[in-house]
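Q:
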């Protein structure tokens, strides 16, 4: 994603070759992990608490960068994972205080690289974090969350509150964070400007359908003005409605059968990959 693609934000590469590129964002600081999948991270600075939404792969120290850039200081910092997939949770071990939904808390505690769907190749990394490093060495480290989240919980930043919305389907513990006052939705991988992935371990089509119905309700009731996703660009309520509606309309028997087959293959591949890396 190019620096100007999202319109505003702060682009952060986990590879030193690209260094750190900056531009300002009024609602949140945008950090992007420059690996093959380019997961977004979002930094919100409150009057009493700062919040980082997702933590990237963890190949570079995000806290060190945030301090050097003057983006965090004396306020406490909480890192929240929208879900535990490796491209969003791999950097959580770098933070003192971490939060995750209850459904995936145990996977994070155990460092379960099957549930985190850890699958990384050398070709996805711009530059290795240290000499001799290869993707085969990579894994999501165990982390004990300081806070276990439930649907309806509120994360209070002081002058700003975010409501936790449990939105399973992509994964069983996927969440969105909703800023009701500013009508902003931080959606993780629940919805982004691309295909919804429902064929991974612990993905569930029925759950995803209900989640999409909830997303449509947010759009229809004008509760969301902007969506900041886990990948790619931000978008508005019309696109949110379209993406959620399209998923629901395309979930038929053929989709369910093909998805089940792909999930079986993905499960076997992930089991084999993570066994070979242990």
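Residue numbers (the working numbering): 477 to 754. In this text, a Cβ means the ideal position worked out from N, Cα and C, and glycines have one as well.
Taking the alpha-carbon of residue 572 as reference, which of 578, 737, 526, 535 has the nearest alpha-carbon?
A: Numbered from its first residue, the chain shown carries residue 572 at position 96. Nearest option by C-alpha distance: 526.
Q: Going by DSSP, what residues sit across from residue 505 in a beta bridge?
A: Looking up residue 505 in the chain shown gives position 29. Paired residue(s): 519.
Q: With residue 711 and residue 504 assumed to form a contact (beta carbons below 8 Å), what rounded beta-carbon distance in angstroms separates them?
A: Stepping through the chain shown from its first residue, residue 711 is reached at position 235. Stepping through the chain shown from its first residue, residue 504 is reached at position 28. At roughly 15 Å, the Cβ-Cβ gap does not stay under 8 Å, so residue 711 and residue 504 are not in contact.
Q: Sorted by chain position, which residues of the same chain lie with C-beta nearer than 6 Å to residue 684's C-beta, five sequence neighbours on each side aside?
A: Working through the chain shown from its first residue, we reach residue 684 at position 208. Excluding residues within five positions, the ones whose Cβ falls inside 6 Å are 645, 674.
Q: With DSSP as the reference, label residue 586 as helix, strand or coil.
A: To locate residue 586, count along the chain shown from 1; it is residue 110. DSSP places residue 586 in helix when its eight states are reduced to three.
Q: Which of the three DSSP states, helix, strand or coil, is assigned to residue 750?
A: Your numbering for residue 750 matches position 274 in the chain shown. Helix, per DSSP.
Q: Rounded to a whole number of angstroms, what is the C-alpha to C-alpha distance between residue 748 and residue 564?
A: Walking along the chain shown from the start, residue 748 turns up at place 272. Walking along the chain shown from the start, residue 564 turns up at place 88. Distance between the alpha carbons of residue 748 and residue 564 is about 22 Å.
Q: Looking only at DSSP bridge pairs, what is residue 639 linked to?
A: As a working note, residue 639 is residue 163 in the chain shown. BP columns for residue 639 point to 630, 654.
Q: What span of residues does the alpha helix (DSSP H) with residue 602 cover, start to end?
A: Position 126 of the chain shown holds residue 602. Residue 602 -> no alpha helix (DSSP H), and no H or E assigned at all.
Q: Return helix, strand or coil for residue 548, following the three-state DSSP convention.
A: On the chain shown, position 72 is the one that residue 548 refers to. It is coil, neither helix nor strand.
Q: What span of residues does the alpha helix (DSSP H) with residue 720 cover, start to end?
A: Numbered from its first residue, the chain shown carries residue 720 at position 244. Start and end: 713-726.
Q: In the DSSP assignment, the alpha helix (DSSP H) including residue 681 goes from what residue to what residue?
A: Taking the chain shown and counting its residues from 1, the one referred to as residue 681 is at position 205. Residues 681-696.
Q: If we ignore side chains and look at the alpha-carbon of each, how far apart do residue 713 and residue 517 end up?
A: Within the chain shown, the letter at position 237 stands for residue 713. Within the chain shown, the letter at position 41 stands for residue 517. Cα to Cα, residue 713 sits roughly 21 Å from residue 517.
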